[in-house]
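Read through the structure below, which is laid out as structure tokens, and then see the notes.
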Amino acid sequence: MNTVWTFRFLGSWEDVENPAFLEQWHNAYTSAASACIFNHPVLSGIWTDTYRPKNNIAPLFCIAEKTNGRILMPLVIWKRNIKNLFQKVIVPVGFADYDYHNPLVTGDVTQEELVAFHQELYRHLNKFKFDAIYINGLSLVSDQDLSICLPEETCRYITIKDFRSVDDYLATLSRKTVHELRRRKKRILEQHTLDYVVFSRDDLKEAREELEQLLHHNALRWPKAYKAPGFHEKLLERGLEAGLLHFSVLKLDNASASWRMGFIDGKTFYSYIPAVNYSYRQLGLGNIHLVNCIEWAIQNRFSVYDSMRGSETYKNDWYSESLSLYEIRCKKMTPMSTTRNVFSETVKPVLLFFIDNVMSMLQ
Numbered sequence: 113m114n115t116v117w118t119f120r121f122l123g124s125w126e127d128v129e130n131p132a133f134l135e136q137w138h139n140a141y142t143s144a145a146s147a148c149i150f151n152h153p154v155l156s157g158i159w160t161d162t163y164r165p166k167n168n169i170a171p172l173f174c175i176a177e178k179t180n181g182r183i184l185m186p187l188v189i190w191k192r193n194i195k196n197l198f199q200k201v202i203v204p205v206g207f208a209d210y211d212y213h214n215p216l217v218t219g220d221v222t223q224e225e226l227v228a229f230h231q232e233l234y235r236h237l238n239k240f241k242f243d244a245i246y247i248n249g250l251s252l253v254s255d256q257d258l259s260i261c262l263p264e265e266t267c268r269y270i271t272i273k274d275f276r277s278v279d280d281y282l283a284t285l286s287r288k289t290v291h292e293l294r295r296r297k298k299r300i301l302e303q304h305t306l307d308y309v310v311f312s313r314d315d316l317k318e319a320r321e322e323l324e325q326l327l328h329h330n331a332l333r334w335p336k337a338y339k340a341p342g343f344h345e346k347l348l349e350r351g352l353e354a355g356l357l358h359f360s361v362l363k364l365d366n367a368s369a370s371w372r373m374g375f376i377d378g379k380t381f382y383s384y385i386p387a388v389n390y391s392y393r394q395l396g397l398g399n400i401h402l403v404n405c406i407e408w409a410i411q412n413r414f415s416v417y418d419s420m421r422g423s424e425t426y427k428n429d430w431y432s433e434s435l436s437l438y439e440i441r442c443k444k445m446t447p448m449s450t451t452r453n454v455f456s457e458t459v460k461p462v463l464l465f466f467i468d469n470v471m472s473m474l475q
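Read in order, the letters of the sequence shown correspond to residues 113 to 475 in this note's numbering.
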């Protein structure tokens with residue numbers, strides 16, 4: 113390929129937090145046609161502020177430039193703890209918490225030049241000390257990238273820009289799905305009230321109380337899912353303040369019954385964390401709440417409602433389109449790196465599974 117990118121890396125938090133760089137980053141985000149909400153410096157800052165005090169992570173922010181084009185990919189080098197034999201991995205900012213990790217592309221960059229970036233990035237990262245590279249959540253990938261990008265999973269979404277009302281959306285679903293939705297809602301409203309409440313930055317006190325309930329009921333549904341202490345609280349506070357977060361609750365007779373947290377950028381509604389009150393799990397309130405959020409997105413002239421990661425079968429009933437994700441994965445083949453990688457990826461999960469089973473038998 114003829115494209116030659118000039119690469120440089122920001123390797124100190126002082127450089128990353130420099131006001132001039134943050135302003136450049138924000139300007140790039142607002143001007144990039146393909147920008148995703150997870151490219152936003154506020155969301156990146158929430159993740160790094162959460163994990164830096166608890167983990168040994170150093171910045172490795174990649175900046176690639178060419179004539180009339182620029183790419184930013186925020187990465188970190190994470191030296192894991194003794195439970196992972198001090199494995200050192202290169203991962204994107206937001207790893208394991210955010211779903212998409214496409215680079216932030218600005219200017220005149222062709223698909224061929226983006227392919228060249230992925231390949232040159234792979235080569236430049238090999239200059240650093242690491243055991244493994246895991247750059248997941250990539251969707252800006254072409255067939256030419258598949259030599260270095262592995263298929264990961266698909267995310268479901270719907271295009272809503274041409275819908276004038278929620279009825280236009282419901283008309284695209286199966287008759288069975290719509291009938292069941294309306295039947296359940298009608299039965300509930302015969303004896304109860306339903307109120308859809310969307311929180312703003314002025315409702316922070318109440319929103320914090322609702323978030324605590326969301327996390328509690330989400331943990332009942334997915335008890336093994338790790339949630340970094342303080343992370344979601346920062347998302348709520350800074351996300352609402354920056355206008356990047358949509359947080360809502362569905363109340364049944366003034367009792368909180370369903371919660372949904374998502375990200376918004378004026379174009380796409382990214383559905384992030386749902387939860388349903390365990391006491392009302394048989395009423396179908398999760399689907400009613402989902403449709404409330406889709407209706408809100410249609411009314412506010414969004415183009416896409418994205419369910420993001422998760423292979424739950426219910427999504428097939430509500431989302432008609434899919435997006436394929438890919439991952440750049442590389443492992444050093446030295447004896448020490450191989451030992452660390454095999455332990456972290458293979459041995460440790462088996463040990464944890466065995467321990468969980470033993471503990472369950474003892475209870």
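Glycine included, C-beta positions come from ideal geometry on N, C-alpha and C. Keep in mind it's a predicted model, so treat the numbers as computed, not measured.
- Residue state for L332 is assigned as helix, using DSSP reduced to three classes.
- Looking at the DSSP output, N151 shares a beta bridge with no other residue.
- Relative to M373, the option among E322, A367, D365, G422 whose CA is nearest is E322.
- The shortest C-alpha to C-alpha distance from R120 to any of E265, T218, K239 is the one to K239.
- In the DSSP assignment, N168 forms a beta bridge with K191.
- Per DSSP, the continuous alpha helix (DSSP H) segment holding Y141 begins and ends at 131 to 143.
- Under the 8 Å Cβ criterion, the stretch 176 to 191 does not count as touching the stretch 441 to 453, having fewer than three qualifying pairs.
- Using a Cβ distance threshold of 9 Å, L155 and L348 do not count as a contacting pair.
- Positions of the beta strand (DSSP E) runs, each at least 3 residues long and wholly inside the stretch 230 to 307, are given as 244 to 250, 261 to 271 in order along the chain.
- Bounds of the alpha helix (DSSP H) holding K346 are 343 to 354.
- Cα atoms of H358 and F311: separation of roughly 7 Å, rounded to the nearest angstrom.
- In this structure the stretch 272 to 290 does not touch the stretch 384 to 391; the number of beta carbon pairs closer than 8 Å is below three.
- By the CB criterion at 9 Å, N404 and L362 fall inside the cutoff.
- If you ignore the 5 residues before and after S434, its C-beta comes within less than 8 Å of the C-beta of T266, C267, R268, Y269, all in its own chain and listed in chain order.
- Contact annotation: L395 and A367 have beta-carbon atoms that are not nearer than 9 Å.
- In this structure, L216 sits near W137, with a CB-CB distance shorter than 9 Å.
- Here Q199 has R192, D243, R452, S456 as same chain residues with Cβ atoms under 6 Å from its own Cβ, once five neighbours each way along the sequence are excluded.
- Taking C-beta separations shorter than 6 Å and ignoring five residues to either side along the sequence, the partners of I189 in its chain run A170, L172, I202, following chain order.
- In the same chain as Q231, and ignoring 5 residues on each side of it, the C-beta atoms closer than 7 Å to its own belong to I260, in chain order.
- Uninterrupted alpha helix (DSSP H) stretches at least 4 residues long and entirely within the stretch 371 to 438 occur at 397 to 411, 427 to 430, given in chain order.
- Cβ-Cβ distances below 7 Å link N399 to L293 in the same chain, with the five nearest sequence neighbours on each side left out; the list follows chain order.
- In this chain, E457 is not harboured by any beta strand (DSSP E), its DSSP state being neither H nor E.
- In this structure, V128 places its C-beta atom within 9 Å of the C-beta atom of L122.
- Cβ-Cβ distances below 6 Å link Y308 to L362, N404 in the same chain, with the five nearest sequence neighbours on each side left out; the list follows chain order.
- Beyond the five residues adjoining it in sequence on each side, E407 comes within less than 7 Å, by CB distance, of V278 in the same chain, given in chain order.
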